[in-house]
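Step one of this worksheet: look at the structure below.
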Amino acid sequence: MELENSFEVGAPPERVWDFMLDLERVTPCMPGAELEDLPDEHTWKGKVKVKLGAVSLSYAATAVIDEQDEQARRVVIQANGRETRGKGMARATINSHLEPLDGGGTRVLMHTDLTISGAVAQYGRGMIADVSGRLTGEFADCLQARLAAPESTAGDESDATVEAGPAPVAKPIGGLQLGLWAIWRAILRFFRRIGRGIGSLFGRG
């Protein structure tokens, strides 16, 4: 399944690029993710929790920076996850690209090639795409808040955090909230299709 997501951040591309490639710093902005180990600067290991309606899943996951183009600000990440209590699996190739915006901001474009099996596979592409969009939005909000926080002139982020308050963390999304939101999006798509059909019928008349 192919997924397309994008968001904008009010920070220059070089800052966004550095932050997104810092696996330890970026983890708190990933909803449901918990860092367990960083074998090297290109590898992330941990857990990812997903809850959609009555389905609650936990994946043992590994993400590896497979390709990295500093000049083009393009990165490819290979991610794999296996259910800790089940036989389901998830595999994704995430291709991200940063574009500068007028005024000093950054647009982040993400193309994901996703393969899933197990309980979560029962949900259709539309619902999974909606959930992906919601999670991307939470990631973007957290990223924006962290990049907007004052930077430490001495390079010590712990001191800056004490002065500015706790660093922002992505809000957890799941359970009934996420399930109802995804269902509502599916209903809206259904009525839009009906509306287009009616418009097309009257247009032909």
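So the sequence shown is numbered by the working numbering: it starts at 67 and just counts up by one.
Even glycine gets a Cβ: it sits at the ideal position worked out from N, Cα and C.
(1) Could you pull out every residue in the same chain whose Cβ sits closer than 7 Å to the Cβ of Ala126, ignoring the five residues on either side in sequence?
(2) Do Val142 and Leu87 come within 9 Å of each other at the CB atom, strictly closer than that value?
(3) Cys278 and Arg212 look like a contact to me (Cβ under 8 Å); what is the Cβ gap, rounded to whole Å?
(4) Whose C-alpha, out of Cys208, Met67, Ala195 and Asp106, is nearest the C-alpha of Ala129?
(5) Residues in its own chain within less than 8 Å of Gly170 by CB, not counting five upstream and five downstream?
(6) Using a Cβ-Cβ cut-off of 7 Å (strictly less than) and excluding sequence neighbours within five positions of Ser72, which residues of its own chain qualify?
(7) Where does Thr109 sit, in a helix, a strand or coil, going by DSSP?
(8) Quick test of your reading: Val82 and Leu164, contact by CB under 8 Å. State the CB separation rounded to the nearest angstrom.
If we stick to the structure as given:
(1) Indexing the sequence shown from 1 puts residue 126 at position 60. Contacts found: Lys113, Gly147, Arg148 and Thr150.
(2) Here residue 87 refers to the residue found at position 21 of the sequence shown. Here residue 142 refers to the residue found at position 76 of the sequence shown. No, they are not a contact pair.
(3) The chain is shown only over 67 to 271; residue 278 falls outside these bounds and no answer can be derived.
(4) Translated into the one-based positions of the sequence shown, residue 129 becomes position 63. The shortest C-alpha separation from Ala129 is found at Asp106.
(5) Position 104 of the sequence shown, counted from the first residue, corresponds to residue 170. Counting only Cβ-Cβ distances below 8 Å, and skipping sequence neighbours, we find Gly76, Ala77 and Pro78.
(6) Position 6 of the sequence shown, counted from the start, is the residue given in the question as residue 72. Excluding sequence neighbours, Ser72 sits near Arg173, Val174, Leu175 and Met176.
(7) Looking up residue 109 in the sequence shown gives position 43. Note: Thr109 maps to strand in three-state DSSP.
(8) By one-based count along the sequence shown, residue 82 stands at place 16. By one-based count along the sequence shown, residue 164 stands at place 98. Contact holds; Cβ gap of about 6 Å.
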